[in-house]
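What follows is a single structure, written as structure tokens, with notes after it.
Numbering (our numbering), first residue to last: 3 to 230.
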């Protein structure tokens, strides 16, 4: 899914290693695979879980740092519809467009409080800035009701359902617990996709629509659990 149109034990391996594992599977399974297999874009993700004074999580602040090629493509494609006289105003206009496009897909964010799916989070304060050759989209997902991670773990995953875009936490500062780190533990589990699913992703060209459930097989999953 493209932003401009729609927009076990804990794994500790690094992003290069994770991508190397997937690439190795692709080479093993599909020695003649198409040159333009999914994913086609990459995002380095940063998430801050924000706690209130009661120790409840009120929001997830996200920053998506896009790869240089996709940044250029996205900027060129959406600039014609952007409003504003300054570059900052135009980027903010594009950010609002992206968030609007993502709203039907829960902003690519799957959230559970225990076994309960949280689907009422709303995006606020979208911003788009340029960092050298890369665009960074930031926004806040605010929960309608604060969630107590001492009652039940908060679990989230950020992923493109069609796996057009690969989204992985940044290696440095990818996850931050703002105001709750003293009583809380965080667990990040790396994806372990079935080789058959890797093969299916490899067969998809740029303009082909992927399985709307494909992305979840390649998603990192984070659990935040706190004590009282």
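Here a beta-carbon is modelled for each residue, glycine too, at the ideal position from N, C-alpha and C. Every value quoted in this text rests on a predicted model; they were computed, and no experiment measured them.
Reduced DSSP category for residue 74 - H, G, I as helix; E, B as strand; rest coil
The residue labelled residue 74 in the question sits at position 72 within the chain shown. Residue 74: helix per DSSP, three-state reduction.
Using the Cα positions of residue 46 and residue 176, report the straight-line distance between them to the nearest angstrom.
Position 44 of the chain shown, counting from 1, holds the residue named residue 46. Position 174 of the chain shown, counting from 1, holds the residue named residue 176. Each residue's alpha carbon lies about 8 angstroms from the other.
Could you name each continuous beta strand (DSSP E) segment of 3 residues or more that falls completely within the segment 65 to 141, going from the start of the chain to the end?
The segment 65 to 141 contains these whole beta strand (DSSP E) runs: 111 to 115 and 124 to 133.
How would you call residue 34, buried or exposed, if buried means at least 16 neighbouring beta carbons within 10 angstroms?
Translated into positions along the chain shown, residue 34 becomes position 32. Because the pLDDT at residue 34 is just 36, under 50, the model does not fix this residue reliably, and the value given afterwards should be weighed accordingly. Flag for residue 34 reads exposed.
Look up residue 148 in the DSSP assignment and say whether it is helix, strand or coil.
Numbered from its first residue, the chain shown carries residue 148 at position 146. Looking at residue 148 - three-state DSSP - the assignment turns out to be strand.
Which residues does DSSP list as the beta-bridge partners of residue 158?
Position 156 of the chain shown holds residue 158. Per DSSP, the beta-bridge partners of residue 158 are 113 and 224.
Going along the chain, which residues of its own chain have a beta-carbon closer than 7 angstroms to the beta-carbon of residue 195, five neighbours each way excluded?
Here residue 195 corresponds to residue number 193 of the chain shown, with the count starting at 1. Leaving aside the five residues that flank residue 195 on each side, the residues in its chain whose CB is nearer than 7 angstroms to its CB run, in chain order, 219 and 220.
If we ignore side chains and look at the alpha-carbon of each, how far apart do residue 132 and residue 178 end up?
Within the chain shown, numbered from 1, the residue matching residue 132 stands at position 130. Within the chain shown, numbered from 1, the residue matching residue 178 stands at position 176. Just so you know, the alpha carbons of residue 132 and residue 178 end up roughly 22 angstroms apart.
Counting only the same chain and skipping the five closest in sequence on each side, list residues whose C-beta sits under 8 angstroms from that of residue 118.
Here residue 118 corresponds to residue number 116 of the chain shown, with the count starting at 1. Cβ-Cβ distances below 8 angstroms link residue 118 to 154 in the same chain, with the five nearest sequence neighbours on each side left out; the list follows chain order.
So, residue 48 versus residue 143, is the Cβ gap smaller than 8 angstroms?
The sequence position of residue 48 within the chain shown is 46, counting from 1. The sequence position of residue 143 within the chain shown is 141, counting from 1. With contacts defined as CB atoms closer than 8 angstroms, residue 48 and residue 143 fail to qualify as a contacting pair.
Would you call the segment 48 to 57 in contact with the segment 147 to 166, where contact means no fewer than 3 C-beta pairs closer than 8 angstroms?
A contact is defined here as three or more CB-CB pairs under 8 angstroms, and the segment 48 to 57 meets this definition with respect to the segment 147 to 166.
Looking only at its own chain, which residues have a Cβ that is under 6 angstroms from the Cβ of residue 160, when we skip the five neighbours before and after it?
If you number the chain shown from 1, residue 160 lands on position 158. Answer for residue 160: 47, 110, 111 and 169, listed in chain order.
Kindly indicate which residue of 188, 77, 205 and 87 has the alpha-carbon position closest to the one of residue 97.
For the purposes of this step, residue 97 is taken as the residue at position 95 of the chain shown. Residue 97 has its Cα closest to that of 77, out of 188, 77, 205 and 87.
Check each candidate in 165, 122 and 43 and name the one with the smallest Cα separation from residue 263.
As displayed, the chain neither begins before 3 nor continues past 230, which places residue 263 out of reach and without an answer.
Classify residue 197: buried if its beta carbon has 16 or more other beta carbons within 10 angstroms, exposed otherwise.
For the purposes of this step, residue 197 is taken as residue 195 along the chain shown, with counting starting at 1. Exposed, by the Cβ-count rule.
Distance between residue 163 and residue 222 (C-alpha atoms, nearest Å)
Translated into positions along the chain shown, residue 222 becomes position 220. Translated into positions along the chain shown, residue 163 becomes position 161. Residue 222 and residue 163 have their C-alpha atoms spaced approximately 13 angstroms apart.
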